[in-house]
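> Have a look at this one.
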Amino acid sequence: MSVILGINTYHAGSSASVVIDGVPVVALPEERLNRVKYYAGFPKLSIAKCLEIAGLKFSDIDAVAVGRDSSANLHKKLEFALRHPTKLLNMARMRTKSKTFDDMKSLIVAECEVDHSILRFQSYNVEHHLAHTASAYFISEWDKCAGITIDGSGDFVSCMLSDCEGDEIRPLKKIFVPHSLGTLYTAVCQFIGYPKYGDEGKVMGLAPLGSDRYHDFFEDMLRKTADGFELNPDYFLPFGVNQGMEINDAGEMVVHRLYSDLFIKALGQPREKHGEITQRDEDVAFGLQRIFERYYMHMLDALHKHVPTERVAMAGGCALNSVANGKLLLETPFRETCIQPAAGDDGLAVGAALYVSNSILKEGKRWVMKDAYLGNEFSDSIVKAELDRYKISYQELSREQLLETTSEEIKNGNVVGWFQGRMEWGPRALGNRSILAHPGFPNMKEILNARIKHREPFRPFAPSVLQERQGELFEQDHPSPFMLHVYKIKPEWRERLSAVNHVDDTGRLQTVARDENPLYYDLIKTFETKTGIPVILNTSFNENEPIVCQPSEAIECFLRTKMDVLVIGSFFCKKDD
Ligand SMILES: [Fe+2]
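Going by numbering that gives the first Met the number 0, the first residue of the sequence shown is number 0, and it counts up by one from there.
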C-alpha cells in the first residue's frame, strides 16, 4: 500500500490531499478550515484533517508530493535575471527561500508539531504545470489525450501544452513569464476595480454587459507567435519574478499594480474598488474576455496541431473561465473536456500526488473522478448536537420527507441552506454546501442578493440541471458536472429560468447525474415533479467568506442572514415568519 500526501503550499489555494494506492480519498483547501480566502501559507490544518479523515498518522506517509519545483526552468529564470540585473539579488533570495520551502520534513516538523524521527517519507517536488496537468489527466477516464494548463504563473511558466498517454505527461511547449493570460486578466480586473486575487470570475460575469468598443486597445496588448503569444510590455509594469504577487503575513495574496499608465491614457482613471460600474468598465470587461477567448482558442488550436485528438484535459486558474470552456467545444477541434474542479492552485495537492503515483511510482492504478465530494462530512449526531448548542428548533425527517418538504419550500420561493454529505473539492458548491432557490421565481436573484449574498447585481446565479434533461434546456449537451461550462439557454426555457438566465441568455450549469449525488439529484427531481422545471438555482453556502465547511458555520450563516430554511443532514429548520 502506498500513502501519498499531496500539498500545495506557499502559493495561493494552500491545500492538502491523501492518495492511497493511486486513489484520492480526501482533499481539503486550507481556506475552508482557517477561513482565510485563498490562503497561501502552509496547509497545516488541512494536512491534519486529511490524515484524520483517512485514518492515518504522519508515520504512515510514504511520499509527500508538492506542486512546485524551484529547480524547474532554471535556464529561463537565469535568462530573465541576466536581462534584469536589478532583479538578480531578489531572485537569489527567492531561490534560497524556495529551497527552504522544499525541505518538506523540516516544514512538517515545524508547522505540524511532529517529531522528526517518525517521518519516513520520500519528498517529491513536481513542477507546477506538470502537477496541474496531472490533476486533470489522471482524473479523466482516458488513456490518451491532449493536456493544457493556463494560469498566472507557477515555476516561471504560465501555460503548458502536453501530450498525455498512459502514465506519462510529455510537455511539448511552455510559455514563460512574464507572458501570461492569467496575469493579463488580473491586470485588467485590477484596473476596473477588482483588485483582489480571485476576482476574475466577477469580471467574466460583467463582460456580456459591454460592447467591443476597446477592440484595438486589447488587440495591441498581445501578439500571436507560432504556437504561443507575447504580452506587449508597454501595457504593463515590470512584474518581477513573482508576476506582481506577494504573500502577506496573514497568508493572503497581495497583487501589486500590474497595468501601466497606457491604460489610463487610453481609458481614463481606473475605477475605485467600490465606485459605480460604468459603461466604460463593462466595455473593458467585454474587451478583456474577448481577447482572452481569442488567445485561449489559439493555444487550444496550437495544442491540437501537436496532439490531434478530440479530448483535452485542462487545469490552471484560467481553466475556471467557464464562458471560454463552453465556447471551445464549438470553436476548436476539441469535443470533450476533462477539467479539474479545483483548476486553480488548490488542485495542485491532488495533481502532485497523482503525478507521483502514476508517473514516478508507476502504480499503474488509474482513477476516474466521478464526483468532487472529497471533503469532510458530519454525522447526524454531530449535527444534532450543534443545533442543540445553538438552541435552534428542528424537525428530524426521513429522506422522503426531507425531499418533499425542501422542494416545497423552494417551490414557494423560500431560500434554503443545504448542507449535506462530503464537502466539494474546488471553488464551486455542487449541492453539498449550497444555497438553493427556485430558478424562475419572480425577482429571485434580487431576493438572494438582498437577503444573503450581497453580490453585484450583474453576477449570475447558477442552474443545477438533471443530466438527462440538459440537452432539452441548453444548446450544448456536453456534461458539466463541476460547473465549468457556460452554455446558451434555449429560448423556450429562458423565462422559466429567469433567475439563472444571464443577460446574454446563458447559464453556468452543473449537470447532476444520479450516481454522482443521489440526494441532490432526487431533490431536483422532486422539485421537477411539482413545477415541471428540472433545475434548481445553486449558489455557494456563504456570505462573503469561504464556503461553509462545518455545521457551526452553516448554522451561523443561517442565523446571521435572512435565509428562510436550513436543511442540514436529516434536520429541517425554518425561521418563524
Ligand atoms: Fe497555477
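Note that CB positions come from ideal geometry on N, CA and C, so glycine has one too.
Any contact of the region 392 to 399 with the region 301 to 315, i.e. 3+ C-beta pairs under 8 Å?
In short, these stretches do not touch, since the Cβ pair count stays below three.
> Which residues share a DSSP beta bridge with M313?
Answer is I147, I338.
> One question on the structure: do M368 and I138 come within less than 8 Å of each other, judged by their Cβ atoms?
In contact: M368 and I138 (Cβ atoms closer than 8 Å).
> On the DSSP letters alone, give me the boundaries of the beta strand (DSSP E) that P28 sits inside.
Here the beta strand (DSSP E) through P28 covers 22 to 28.
> Between H131 and ligand 1, is the CB less than 7 Å from at least one heavy atom?
Yes.
> Am I right that A15 and I46 are in contact with their C-beta atoms under 8 Å? What's the rounded C-beta distance?
Contact flag correct, Cβ pair sits at about 4 Å.
> Quick test of the definition: if touching needs 3 or more C-beta pairs under 8 Å, does the region 499 to 515 touch the region 458 to 474?
Touching, per the Cβ criterion.
> I'd like to know if the region 437 to 444 and the region 470 to 482 are in contact, where contact means that at least 3 CB-CB pairs between them fall below 8 Å.
Too few Cβ pairs lie closer than 8 Å, so no.
> State buried or exposed for S433, treating a residue as buried only when at least 16 other CB atoms are found within 10 Å of its CB.
Answer is buried; the Cβ neighbour count reaches 16.
> Return the CA-CA distance between E542 and R454, expressed in angstroms with no decimal places.
Distance between the alpha carbons of E542 and R454: 9 Å.
> Could you spell out the range, first to last residue, of the alpha helix (DSSP H) harbouring D503?
Looking at the DSSP string, D503 is not in any alpha helix (DSSP H), and its letter there is neither H nor E.
> Per the DSSP calculation, N537 is bridged to which residue(s)?
DSSP output for N537 lists L435, A461 as bridge partner(s).
> So, using beta-carbon positions, are E385 and R421 closer together than 8 Å?
For E385 and R421, no; Cβs fall outside 8 Å.
> If distances are taken between C-alpha atoms only, which option among P517, G531, D504, I446 comes closest to K561?
Among P517, G531, D504, I446, the Cα nearest to that of K561 belongs to I446.
> Helix, strand or coil: which one does DSSP assign to G200?
It is helical.
> Is the CB-CB distance between V564 and N431 below 8 Å?
No.
> Do you know whose CA, among E140, D162, L129, lies nearest D150's CA?
Cα-wise, what sits closest to D150 is L129.
> If you draw a straight line from the alpha carbon of D387 to that of S378, how long is it in whole angstroms?
Their backbone Cα atoms lie some 14 Å apart in a straight line.
> Pull up the DSSP beta-bridge partners for S16, would you.
Beta-bridge pairing links S16 to G5, A26.
> Are the region 331 to 345 and the region 160 to 169 touching by the rule of at least three beta carbon pairs closer than 8 Å?
In short, these stretches do not touch, since the Cβ pair count stays below three.
> Roughly how many angstroms separate the alpha carbons of M220 and F262, rounded to a whole number?
Cα-Cα distance, rounded: 10 Å.
> What does DSSP give as the partner residues of Q509 in its beta bridges?
Per DSSP, S463.
> Rank S152, S134, G470 by C-alpha distance to the C-alpha of S356 and give the top, closest one.
Considering only alpha carbons, the answer is S134.
> Would you kindly check if the distance between the Cβ of Y136 and the Cβ of I168 is under 8 Å?
Yes, the pair counts as a contact, with Cβ atoms nearer than the cut-off.
> So the candidates are G350, E245, H255; which of them puts its Cα closest to the Cα of V65?
Out of G350, E245, H255, G350 has the C-alpha closest to the C-alpha of V65.
> Going straight from the alpha carbon of S300 to that of E467, what length do you get?
Looking at the sequence provided, one finds Asp at residue 300 rather than Ser. Taking the straight line from one Cα to the other gives about 31 Å.
> Please determine, among A348, L429, E362, I554, the residue with the shortest C-alpha to C-alpha distance to K390.
Nearest C-alpha to K390: I554.
> Quick check: the region 190 to 210 against the region 240 to 257, are there 3 or more CB pairs under 8 Å?
Verdict: yes, contact present.
> If you check the beta carbons only, do L160 and L302 fall under 8 Å apart?
For L160 and L302, yes; Cβs fall inside 8 Å.
> Using alpha carbons as the reference points, say which of I191, H305, G227 lies closest to E271.
For E271, the nearest C-alpha among the options comes from I191.
> Alpha carbon to alpha carbon, how far is V18 from I52? Give it in angstroms, no decimals.
Their backbone Cα atoms lie some 12 Å apart in a straight line.
> Name the DSSP beta bridge partners of Y123, please?
According to DSSP, Y123 bridges with A64.
> Please determine whether the Cβ atom of H178 lies at a distance below 7 Å from any heavy atom of ligand 1.
H178: no, Cβ never under 7 Å from ligand 1.
> If the criterion is Cβ atoms closer than 8 Å, does the pair A206 and A284 meet it?
Taking 8 Å as the Cβ cut-off, A206 and A284 qualify as a contacting pair.
> At which residue ranges does the region 519 to 576 contain complete beta strand (DSSP E) runs of 3 or more residues, listed in the order of the chain?
Segments of the beta strand (DSSP E) lying fully in the region 519 to 576: 534 to 539, 564 to 567, 570 to 573.
> Taking the straight line between their C-alpha atoms, what separation do you get for L353 and W424?
Between L353 and W424, the C-alpha separation is close to 15 Å.
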